[in-house]
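Chemist: Before I ask anything, here is the structure I am working with.
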């Protein structure tokens, strides 16, 4: 949810020489619609089912998977991720999250939300994030390069 998952995942993939798949992009390709369009035409429940389908289909390959922030809402998804490998929760201060997502029309659940509303959504999800994570990493105040380098070191030690 605005913590830099996709950007960091891409950087980490390059640094480790590992393919990266973003579940949102995967769903958009399969469905031939943007996430925003899917939410409008088929609803959030349908989209959440597609997230699970994506995890099941791509888990057989060695790669870095980046996801949307709501993927952890389903226990099945948390289990799928934990059983496959390292799950990194990129934590971040709410002010930074708000700055990153403000005005982003590609995030249907965050459109036109106040900082207080985004904080509530973050707080509501944090337990699920922590439950899914094998690594918790605070990205606050760090550049993408710093985050990628530090995570690379952590992951190579595992």
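In the numbering used here, the protein residues as written are 12 to 169. Built from N, CA and C at the ideal position, the CB exists for glycine as well.
#1: How many Å lie between residue 158 and residue 150 at the Cα?
#2: Where residue 99 and residue 25 are concerned, what is the direct C-alpha to C-alpha distance, given to the nearest angstrom?
#3: What are the complete alpha helix (DSSP H) segments, minimum 4 residues, inside the stretch 46 to 83?
#4: Would you be able to state if there are at least three C-beta pairs under 8 angstroms between the stretch 140 to 155 and the stretch 40 to 52?
#5: Compare the Cα-Cα distances from residue 85 to each of 75, 74, 66 and 95 and report the closest residue.
#6: How big is the Cα-Cα spacing for residue 152 and residue 50?
#7: By the DSSP assignment, the alpha helix (DSSP H) with residue 31 in it spans what residues?
#8: Could you compute how far the alpha carbon of residue 34 sits from the alpha carbon of residue 82?
#9: Does the distance from the CB of residue 74 to the CB of residue 19 come in under 9 angstroms?
#10: Does the separation of the CB atoms of residue 126 and residue 105 fall below 9 angstroms?
#11: Going by DSSP, which residues form a beta bridge with residue 102?
#12: If I follow the unbroken alpha helix (DSSP H) through residue 25, where does it start and stop?
#13: Can you tell me which of the three DSSP states residue 127 falls into?
#14: What is the rounded straight-line gap between the Cα of residue 101 and the Cα of residue 52?
#15: Distance, Cα to Cα, residue 138 vs residue 130?
Modeler: Quick answer:
#1: 7 angstroms
#2: 17 angstroms
#3: Correct list: 46 to 52 and 54 to 69.
#4: no
#5: Considering only alpha carbons, the answer is 66.
#6: Using only the alpha carbons, I get a separation of about 32 angstroms.
#7: No alpha helix (DSSP H) holds residue 31; the beta strand (DSSP E) holding it covers 31 to 33.
#8: 9 angstroms
#9: no
#10: In this structure, residue 105 lies closer than 9 angstroms to residue 126 by Cβ.
#11: 149
#12: 16 to 27
#13: Reduced to three states, the DSSP call for residue 127 is helix.
#14: 30 angstroms
#15: 13 angstroms
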